[in-house]
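Take a look at the structure set out below.
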Amino acid sequence: MSRVVVITGATSGIGRAAAREFAGRGDRLVLAARSPGTLAQVRRECEEAGAEAHDVPSDVTAPGALDALADAALARFGRIDVWVHTAAVMAYGRFEEIPAEVFEQVVRTDLLAAAGAARVALRHFRTAGGGTLILTGSVLGHITAPYMSGYVTSKWGLHGLARALRQESRDLPGTHVCLITPGSVDTPVYQQAANYLGRIGRPPLPITTPQRVARAIVDCADRPRREISVGRLNVVMRVGFTALPAFYDVLVGPLMRLGGLTNRPTPPTEGVVFRPNPAGEAVRGGWLPDLPALVRTVGDTAASAGAAVLRRLR
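Start counting the sequence shown at 1; every next residue gets the next number (this note's numbering).
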C-alpha cells in the first residue's frame, strides 16, 4: 500500500525534489507551500509521475496553518504516514545589521514552524499508532558560519529539538523522528535570501544536488534513522569545528567571504522571508551544471562535428 506523505516547502529546492522522488515511488502526496500557482504546478508534476497528489497553499508560520494542513491530509487520504518538513528561508548580514523582524521571521520559519509541524505530526502518530517525521536540518546545525546568524541559530535549535523529540517518543512504537543534514545544496535559497551584506550568497564547495538530498529523505522514510548526513565534507567540518575551535574561527570568516559569497552586488532586501517569489522557485539554483544537458550538448556537438568531417571526406 502506498504511503501518505505530507511535504512542506514543496515548491522549491529540496522539498520539490522530494515531492518528485516520492511521486516516482507511487506514494500519495499532500503538498504545502506559500505560492498557490507554483504549488499547483508541482502537483501536476507529481500526477504526471503517476502519483495522487493534493496541494494545500499554506504559510507554515501562520497560526493554525499546520493544523489545517493535517486536517486537509486526513480529509483527503484518511491518514498521514510520513511528514517531511523542508520549509526554510535565509538572511545574510552581520547580526546587528539584519533588521530584528527579519531575524525573527527566519527563526520563526526555520525553527518554530518545524516545531509546529513536529507537534501536529507527533500528536497524529500517537493516536494512529506510528509514523515518521523527517526534519531538514543542516551541517550548520553542527558548526557555525558568519553572516547567517538567523539560519545558524535555527538549525542548532532544530538539532536539539530533534534529539529531545526522539527521547520523548521512545514510548511510541512505530514512531520515528529523523533528521536530514545536508551541506551545500544547489537550490535557489541563496538567491532568494534576505540580504543586508551587499553581496549575493552562494553555496560553498563542494555542492550536492537537491535530488541527492531527496533520495536520502525517501530512504529515511523507507528505513528510518536518527540522522543522515549528505555532503562529502560535513564530517571534516564538524571535526575541525569541535577539535580545533580557535583555528576554525580564524579560517571560517575568510573562507565564507571567498566561497560563500558571490561578487554580485545587491541592495538591502527582505528576499522571500515574508512573502514568496514564484518566479524564483525551482528545484535547482543553477550553482551546478545540468550534467545530463551538458552531456547531450557535448554529444550533439560531437555528432555535428563528425558529420561535417564526413561530408568533407566525401
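Think of the CB as a built atom: it goes at the ideal place given N, C-alpha and C, for glycine as much as any other residue.
Only a predicted model underlies this, so the values are computations on that prediction, with no experimental measurement involved.
- Taking each of 129, 263, 41, 245 in turn and checking the Cα distance to residue 144, the smallest one comes out for 245.
- With a minimum length of 3 residues, the unbroken runs of beta strand (DSSP E) contained wholly in the segment 95 to 168 fall at 131 to 136.
- By the Cβ test, the segment 152 to 168 is not in contact with the segment 70 to 83, since fewer than three Cβ pairs between them sit closer than 8 angstroms.
- Linking residue 219 to residue 159 through their CA atoms gives a straight-line distance of about 20 angstroms.
- Under a 10 Å Cβ-count criterion, residue 208 is classified as buried, with 16 or more other Cβ atoms of the shown protein chains found around its own Cβ.
- Annotated three-state conformation of residue 74 is helix, per DSSP.
- Taking C-beta separations shorter than 7 angstroms and ignoring five residues to either side along the sequence, the partners of residue 265 in its chain run 198, 199, following chain order.
- In this structure, residue 27 sits near residue 5, with a CB-CB distance shorter than 7 angstroms.
- With a threshold of 16 other beta carbon atoms within 10 Å, residue 101 falls short and is exposed.
- Within a 10 Å sphere around the beta-carbon of residue 16 sit 16 or more other beta-carbons, which makes this residue buried.
- About 20 angstroms separates the beta carbon of residue 140 from that of residue 177, a gap too long to meet the 8 angstroms contact definition.
- As the crow flies, the alpha-carbon of residue 110 is around 10 angstroms from that of residue 104.
- Buried is the label assigned to residue 81, since at least 16 other Cβ atoms lie within 10 Å of its Cβ.
- For the options 90, 2, 23, the alpha carbon positioned closest to that of residue 193 is the one of 90.
- By the neighbour-count criterion, in which 16 or more other beta carbons inside 10 Å mark a residue as buried, residue 234 falls on the buried side.
- The DSSP-derived three-state label of residue 8 is strand.
- Beta-bridge analysis with DSSP links residue 83 to 6, 133.
- Here residue 179 has 135, 137, 162, 227 as same chain residues with Cβ atoms under 6 angstroms from its own Cβ, once five neighbours each way along the sequence are excluded.
- Under the DSSP assignment, residue 224 falls outside any alpha helix (DSSP H); it carries neither an H nor an E label.
- In this structure, residue 34 lies near residue 59, with their beta-carbon atoms less than 7 angstroms apart.
- Relative to residue 283, the option among 7, 2, 12, 229 whose CA is nearest is 12.
- Note that the C-beta distance between residue 85 and residue 117 is below 7 angstroms.
- Beta-bridge pairing by DSSP links residue 55 to 31.
- In the three-state scheme derived from DSSP, where H, G and I count as helix and E and B as strand, residue 15 is classed as helix.
- About 5 angstroms separates the CB atoms of residue 43 and residue 53; that is less than 8 angstroms, so the two are in contact.
- When secondary structure is reduced to three states using DSSP, residue 199 falls in the strand class.
- Out of 214, 224, 205, 261, the CA that lies nearest to the CA of residue 237 is found in 205.
- Secondary structure of residue 280 (DSSP, three-state): helix.
- For residue 24, the secondary structure class from DSSP, reduced to helix, strand or coil, is helix.
- Each of 38, 212, 157, 128 was checked against the Cα of residue 10, and the nearest Cα belongs to 38.
- The three-state reading of DSSP puts residue 93 in strand, counting E and B together.
- CA-to-CA, the gap between residue 255 and residue 247 works out to about 12 angstroms.
- Residue 150 and residue 221 have their C-alpha atoms spaced approximately 28 angstroms apart.
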